[in-house]
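Heads up: the sequence lines are chains Z and D, in that order.
Numbered by this note's numbering, the letters in the first sequence go through residues 1 to 309 in order.
Numbered by this note's numbering, the letters in the second sequence go through residues 1 to 606 in order.
All remarks here apply to the structure that follows.
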Amino acid sequence: MTDSPAIQVRGLRKRYGDFEALRGVDFDVRAGEVFGLLGPNGAGKTTTVEILEGIRPRSEGEVSVLGLDPGVDVRRIKDRIGVCLQATNLPDKATVNEVLELFASFYSRRVDAEALMRRLEILDKRNSYYATLSGGQKQRLAVALALINDPQLVFLDEPTTGLDPQARLEIHKLIEEFRAEKKTILLTTHYIEEAERLCDRVAIVDAGRIIALGTPREIMARTLGHSRIEILCEQPLPDRRPPESLAADKVVVGDDGMTLAVASSHPARAVVELVKWIDQQGVELADIHLKRPTLEDVFIELTGRRLRE
Amino acid sequence: MKATLALTRMYVKLAARERGALFFNYVFPLIFFFVFGQFMGAQPGGAITRIVTMVLVIGILGNGLFGAGLRAVIEREANILRRFKVAPITPAPMLVAMIIAGWLLYMPGVLVVLGLAHFVYGMPWPERWLSLLALVTVGSWTFRSIGLIIAAVANSMAESNILIQLIYMPMLFISGATFPVSMLPNYAQVAAQFLPASYLNTGLQRVLLRAEGIESVAGPILAMLASMVVATFVSIKLFRWEKDEKLPRSSKLWVIGVLLPFLGMGVWQAYSREHINQSKRLDREVRRNQPRLIRDARIFTADGRVIDNGAVLIRDGRIDQIYEAAPPDPKLLRADVVEAAGKTLLPGLIDVHVHLGSSGGLSEDPRDHQAIEGMSRALAAHLYAGVTAVGSAGDSPTEVQKLRRRVDDGDRVGAELFLVSAGGGPEPAGAGVLAAAEAFSHLATGRPDLLVRSLVAQVAPAAMLAAARKRLAQDNTRFRGRLHGDPPDVESARASLLNAWRAGVPLVTGSDAGYPLVFHGAALHRELQLWVEAGVPPAVALQAATANAARLLGAGNRIGRIRKGFEATLLLVDGNPLQDIAATERISALFLKGERIDRPGLFEQE
Chain Z
1 MTDSPAIQVR GLRKRYGDFE ALRGVDFDVR AGEVFGLLGP NGAGKTTTVE ILEGIRPRSE
61 GEVSVLGLDP GVDVRRIKDR IGVCLQATNL PDKATVNEVL ELFASFYSRR VDAEALMRRL
121 EILDKRNSYY ATLSGGQKQR LAVALALIND PQLVFLDEPT TGLDPQARLE IHKLIEEFRA
181 EKKTILLTTH YIEEAERLCD RVAIVDAGRI IALGTPREIM ARTLGHSRIE ILCEQPLPDR
241 RPPESLAADK VVVGDDGMTL AVASSHPARA VVELVKWIDQ QGVELADIHL KRPTLEDVFI
301 ELTGRRLRE
Chain D
1 MKATLALTRM YVKLAARERG ALFFNYVFPL IFFFVFGQFM GAQPGGAITR IVTMVLVIGI
61 LGNGLFGAGL RAVIEREANI LRRFKVAPIT PAPMLVAMII AGWLLYMPGV LVVLGLAHFV
121 YGMPWPERWL SLLALVTVGS WTFRSIGLII AAVANSMAES NILIQLIYMP MLFISGATFP
181 VSMLPNYAQV AAQFLPASYL NTGLQRVLLR AEGIESVAGP ILAMLASMVV ATFVSIKLFR
241 WEKDEKLPRS SKLWVIGVLL PFLGMGVWQA YSREHINQSK RLDREVRRNQ PRLIRDARIF
301 TADGRVIDNG AVLIRDGRID QIYEAAPPDP KLLRADVVEA AGKTLLPGLI DVHVHLGSSG
361 GLSEDPRDHQ AIEGMSRALA AHLYAGVTAV GSAGDSPTEV QKLRRRVDDG DRVGAELFLV
421 SAGGGPEPAG AGVLAAAEAF SHLATGRPDL LVRSLVAQVA PAAMLAAARK RLAQDNTRFR
481 GRLHGDPPDV ESARASLLNA WRAGVPLVTG SDAGYPLVFH GAALHRELQL WVEAGVPPAV
541 ALQAATANAA RLLGAGNRIG RIRKGFEATL LLVDGNPLQD IAATERISAL FLKGERIDRP
601 GLFEQE
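Written out as structure tokens, the structure reads:
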């Protein structure tokens, strides 16, 4: 693997008539990483991916995929990438093996279909019609199709949308394996946990722009995201005014005087101070809860909206 | 290439797993096959071949339009094509594979239909196998590609269904695939010239029926290939991977581009009518090839022999066999039976001297003379009356030639036309003409007897007869003055006829039909009756009107006698004209070159 990025995007814009779907997007996907595009529906994730896959023309900007321009070398790009669409549909009466062999015939390179089916645990379904597969099996076949040409770059467009929790976990496991194998993957998702758990780096997309980019940890750290501490006491607090030591944090005591909600940028220190304060008043702690900030909180902080509205 | 093959294999498998596809490719045409077979009384020769071409055309249409048209839309609508869009594959191999797969799936059906036609209905195996398969192949490809272009322009299943029906229905019903073209009204015949299916239909008929090679239908083949190339090209241009991509309305105009070759052919054919006439000829040929067994008839062979109870087998438009004893079971012969007990079978009658350009009426309007419509009506009148060949005397040779070509082609049905003398030339002996002499005497005396004869009323237009009756009641001397070359009076004509007969001169019949009060078709029967009245034996008179007349016209080696190998141009009359010559007017059935003639229909030809 060379050090040059698998994907380079600079100033990418896409207009549909008057509507601007992408308003200047910049990012790189490095070889060997799982890169996530996280954002709500309609943010521009799929448009971005389709431009990179070469199936949608761009309006402006520089794009390079595996060193090629998707507007020019679309055929060569398609030959070297693997794509798992958000929703894959195949002819009902084609068998798993037939579909793989058919798609294998389109590419200049291919891997062994049987090995691929074994790896994706659909080998026992090799002679079953597509229509008879479960949702998870269909999705694993879609992933297999994305790998049949031994691609240098894999696009997974919302690979778990619409799957039941069990099937989603199977796909997550697969992606984690790919990550361990240092495959280059561009993953789009609107699931926070998917981005946090599966991606090396994440770009948060909203309304055609990238509003944050980095490792999940970096993004969370860089924002004003506060941890949230929730405390439940056995008795009401006699003195509800927090001490000086907690002046930097926002402490809200419930009407009953027994529940506390604290937002803190230094949660570890705040917890110590809170416990000390409650203890000094002779009140016993019933429960204590520390919530780290999530990408969801980051998104809310950056946009004022929840991710899935 | 690798991808095209893999796609083709996939499409064949998918279609083979689809119950609907199997039904439309195999069951549906076979239903047509047997239903037509039963209704049309499929027999070897014409009818079964026509059914086979019908079923093949229907199959190719269905396979092409529905098979290709709907599948492509279904795959797009179901978002299946989206997955192919992100693979390194272009529309071209997919479309080519769709065309080839449909064709591969269709071809076994062709063999099934041919096999059934052979084993169930006794159709001979096609002589031109390669031409047949090539034609079916080109037809299949063409309609597949037309189906694909429909898929390309239709924005939804419903829309493509409508488009397909719009194309399918007219092609089914006016291309000649289901109804013979000659049964259609004229405007539909012209409209059919714009439909590729019409050319496929006539092409298949020519190859199957006439054993012509593919080169003889090169024009339609090239038009189909051109349509296919344009359609495939346009389908590639308009190919859509996703249902969300909608085509601008104007793109639908591309369809016209595909039909352009046929638009051109249609315009040319509407002008030349060549293909229309060709379809009519093929229809006629089908009818002529129908085997028939006329049995239990008295047969006047005109070969010097009368068979009291015999049978004649007609096949492929010729006299195939003459049986003097009981004929074989018609089922074994696969022939239609014509029961002829109490009837007499004669060779078609021949009138060697007629003036087609004149009507036989008493019109003084010059427009009533030498008009081509009048001539073709006269020819129809002759045939109606069982006069299957006439010698034209004194008519415009160009018009006669034109008419003769149409009749010979089978485009128009009428008596076979011979040119015996061009205007004013010497007329052959035998223009004996008692009928004309009789008419002349009636004309002079104003007697209307000839106008009320039954056969005359059948062949001559009522208006003409009414006008003639009116004129006869008026002063007739004016007519006398106008006539030139007046015939002799009845007595001297009779005397010279008897003299000639007694001297052993071979006699032929010529009626001078077209002369005032000598009506086309009816006149020959009157002539025969006058001969017998004069003392000529009926057998001699009939011999003169058949074998002798044929020999005079130079066609004695194929018409005028009932003999094996001769043209099956036969007249079946009630009774026995050898005893009562007037029986020739009581026509029971008429066959022209094997075709059973619908006599009243003769006057309805445009």
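Glycine included, C-beta positions come from ideal geometry on N, C-alpha and C.
Name the DSSP bridge partner or partners of Z/G36? As a first step, residue 36 of chain Z must be located in the first sequence, where it is residue number 36. Answer is Z/L187 and Z/V202.
Considering D/A457, what are the terminal residues of the alpha helix (DSSP H) in which it resides? Stepping through the second sequence from its first residue, residue 457 of chain D is reached at position 457. Taken as a continuous stretch (DSSP letters only), the alpha helix (DSSP H) holding D/A457 covers S454 to V459.
Counting along the chain, where does the alpha helix (DSSP H) carrying Z/E20 start and finish? Residue mapping note: residue 20 of chain Z aligns to position 20 of the first sequence, counting from 1. From DSSP, Z/E20 is part of no alpha helix (DSSP H) but of the beta strand (DSSP E) over F19 to V29.
Identify, in the order they occur along the chain, each residue of the same chain with its Cβ nearer than 7 Å to the Cβ of Z/A286, setting aside the five sequence neighbours on each side. Within the first sequence, numbered from 1, the residue matching residue 286 of chain Z stands at position 286. Closer than 7 Å at the Cβ level, and outside the excluded window around Z/A286, lie L232, C233 and E234.
What would DSSP say about Z/D279, mapped onto helix, strand or coil? Residue 279 of chain Z sits at position 279 when you count from the first residue of the first sequence. Helix.
CB contact check: D/L22 to chain Z, cutoff 8 Å: For this step, residue 22 of chain D is matched to residue 22 along the second sequence. Cβ-Cβ to chain Z under 8 Å: no for D/L22.
CA-to-CA distance, D/P124 to D/H118, given in whole angstroms: Taking the second sequence and counting its residues from 1, the one referred to as residue 118 of chain D is at position 118. Taking the second sequence and counting its residues from 1, the one referred to as residue 124 of chain D is at position 124. Rounded to the nearest angstrom, the two C-alpha atoms are 6 Å apart.
Given a cut-off of 8 Å, decide if Z/L237 and Z/G257 are closer than it, judged by their beta-carbon atoms. The count along the first sequence starts at 1 and reaches residue 257 of chain Z at position 257. The count along the first sequence starts at 1 and reaches residue 237 of chain Z at position 237. Contact: yes.
Would you grab the beta carbon distance between D/M10 and Z/E98 for me? Rounded to a whole angstrom, and I think it's under 8 Å. On the second sequence, position 10 is the one that residue 10 of chain D refers to. On the first sequence, position 98 is the one that residue 98 of chain Z refers to. Yes, they are in contact, since the Cβ atoms of D/M10 and Z/E98 sit about 6 Å apart, within 8 Å.
C-alpha gap between Z/S245 and Z/R269, whole angstroms: As a first step, residue 245 of chain Z is located in the first sequence; it is residue number 245 there, counting from the start. As a first step, residue 269 of chain Z is located in the first sequence; it is residue number 269 there, counting from the start. Those two C-alpha atoms are separated by around 10 Å.
Roughly how many angstroms lie between the CA atoms of D/L135 and D/K2, to the nearest whole one? Working through the second sequence from its first residue, we reach residue 135 of chain D at position 135. Working through the second sequence from its first residue, we reach residue 2 of chain D at position 2. C-alpha separation (whole angstroms): 27 Å.
Just to confirm before moving on: does the CB-CB distance between D/T546 and D/L417 stay below 8 Å? The residue you call residue 546 of chain D lines up with position 546 of the second sequence. The residue you call residue 417 of chain D lines up with position 417 of the second sequence. Remark: C-beta atoms of D/T546 and D/L417 do not approach each other more closely than 8 Å.
Return the CA-CA distance between D/G425 and D/E604, expressed in angstroms with no decimal places. The sequence position of residue 425 of chain D within the second sequence is 425, counting from 1. The sequence position of residue 604 of chain D within the second sequence is 604, counting from 1. Residue placement at D/G425 is poorly supported in this model, since its pLDDT is 39, which falls under 50; the coordinates still yield a value, given next. Those two C-alpha atoms are separated by around 33 Å.
What do you reckon, is the C-beta of Z/L145 under 7 Å from a heavy atom of the ligand ZN? Among the components of this structure there are no ligands whatsoever, and the ligand ZN is therefore not found.
Pair every Cβ in the segment 58-70 of chain D with every Cβ in the segment 98-107 of chain D, then say whether three or more of these pairs are closer than 8 Å. yes
Using Cβ-Cβ distances below 8 Å, what residues of the segment 58-73 of chain Z are close to chain D? Cβ proximity to chain D below 8 Å picks out nothing from the segment 58-73 of chain Z.
Could you tell me the boundaries of the alpha helix (DSSP H) in which Z/Q8 lies? Stepping through the first sequence from its first residue, residue 8 of chain Z is reached at position 8. For Z/Q8, there is no enclosing alpha helix (DSSP H); the residue is found in the beta strand (DSSP E) stretching over I7 to Y16.
Under the rule that 16 or more other beta-carbon atoms within 10 Å means buried, what is D/V55, buried or exposed? Against the second sequence, residue 55 of chain D aligns to sequence position 55. Per the 10 Å Cβ criterion, buried.
Using a Cβ-Cβ cut-off of less than 8 Å, list which residues of the segment 83-98 of chain Z approach chain D; keep chain order. V83, L85, A87, T88, N89, L90, P91, K93, A94 and E98
Who are the neighbours of Z/L102 on chain D, taking C-beta pairs under 9 Å? Position 102 of the first sequence, counted from the first residue, corresponds to residue 102 of chain Z. Result: A3, A6, L7, R9 and M10.
Establish whether the CB of D/I91 and some CB of chain Z are separated by less than 8 Å. The sequence position of residue 91 of chain D within the second sequence is 91, counting from 1. The amino acid occupying residue 91 of chain D in the given sequence is Pro; Ile does not appear at that position. For D/P91, the answer is no, since every Cβ of chain Z falls outside 8 Å of its Cβ.
Strictly under 8 Å for the Cβ-Cβ distance: is D/A78 near chain Z by that measure? Within the second sequence, numbered from 1, the residue matching residue 78 of chain D stands at position 78. Cβ-Cβ to chain Z under 8 Å: yes for D/A78.
Selection from D/A568, D/V573, D/G601 and D/A6 that minimises the alpha carbon distance to D/L293: On the second sequence, position 293 is the one that residue 293 of chain D refers to. Nearest C-alpha to D/L293: D/A568.
List the DSSP bridge partners of Z/S64. On the first sequence, residue 64 of chain Z is found 64 positions in, with the first residue counted as 1. According to DSSP, which records beta bridges pairwise, Z/S64 is partnered with Z/Q8.
Contact set for Z/V202: own chain, Cβ-Cβ below 6 Å, skip 5 residues either direction: Mapped onto the first sequence, residue 202 of chain Z falls at position 202. Excluding residues within five positions, the ones whose Cβ falls inside 6 Å are G36, L38, A195 and P216.
If you check the beta carbons only, do D/G565 and D/A549 fall under 8 Å apart? The sequence position of residue 565 of chain D within the second sequence is 565, counting from 1. The sequence position of residue 549 of chain D within the second sequence is 549, counting from 1. No, the pair does not count as a contact, with Cβ atoms beyond the cut-off.
Could you pull out every residue in the same chain whose Cβ sits closer than 6 Å to the Cβ of D/A16, ignoring the five residues on either side in sequence? One-based indexing of the second sequence puts residue 16 of chain D at position 16. Same-chain partners within the cutoff: there are none.
Looking only at its own chain, which residues have a Cβ that is under 6 Å from the Cβ of D/L628, when we skip the five neighbours before and after it? In the structure displayed, chain D extends from 1 to 606; residue 628 of chain D sits before or after that span and is not available.
Partners in chain Z for D/P248, counting only beta-carbon separations shorter than 9 Å: Along the second sequence, one-based indexing puts residue 248 of chain D at 248. What D/P248 touches in chain Z: nothing, since even the nearest Cβ is about 15 Å away.
Measure the beta-carbon distance from Z/A104 to Z/Y129 and round it to whole angstroms, keeping in mind my assumption that it falls under 8 Å. Along the first sequence, read from residue 1 onward, the residue named residue 104 of chain Z stands at position 104. Along the first sequence, read from residue 1 onward, the residue named residue 129 of chain Z stands at position 129. About 19 Å; that fails the 8 Å criterion.
Should Z/K78 be flagged as near chain D, meaning a C-beta pair shorter than 8 Å? Taking the first sequence and counting its residues from 1, the one referred to as residue 78 of chain Z is at position 78. Yes - at least one Cβ of chain D is within 8 Å of the one on Z/K78.
Which residues in the same chain have their Cβ closer than 6 Å to the Cβ of D/A297, if we skip the five residues on either side of it in sequence? Position 297 of the second sequence holds residue 297 of chain D. A340, K343 and L345, listed in sequence order.
Taking the C-alpha atoms as reference points, what is the distance between Z/L198 and Z/P243? Position 198 of the first sequence, counting from 1, holds the residue named residue 198 of chain Z. Position 243 of the first sequence, counting from 1, holds the residue named residue 243 of chain Z. So the two alpha carbons sit approximately 41 Å from each other.
From the DSSP output, in three-state form, read off D/N79 for me. Locating residue 79 of chain D in the second sequence gives position 79, where the first residue counts as 1. In the structure shown, D/N79 sits in coil (DSSP, three-state: anything other than H, G, I, E or B).
Outcome for D/I319 when other beta-carbon atoms lying within 10 angstroms are tallied against a minimum of 16: The sequence position of residue 319 of chain D within the second sequence is 319, counting from 1. That one is buried.
Less than 8 Å between the C-beta atoms of D/L116 and D/F33, yes or no? As a first step, residue 116 of chain D must be located in the second sequence, where it is residue number 116. As a first step, residue 33 of chain D must be located in the second sequence, where it is residue number 33. Yes.
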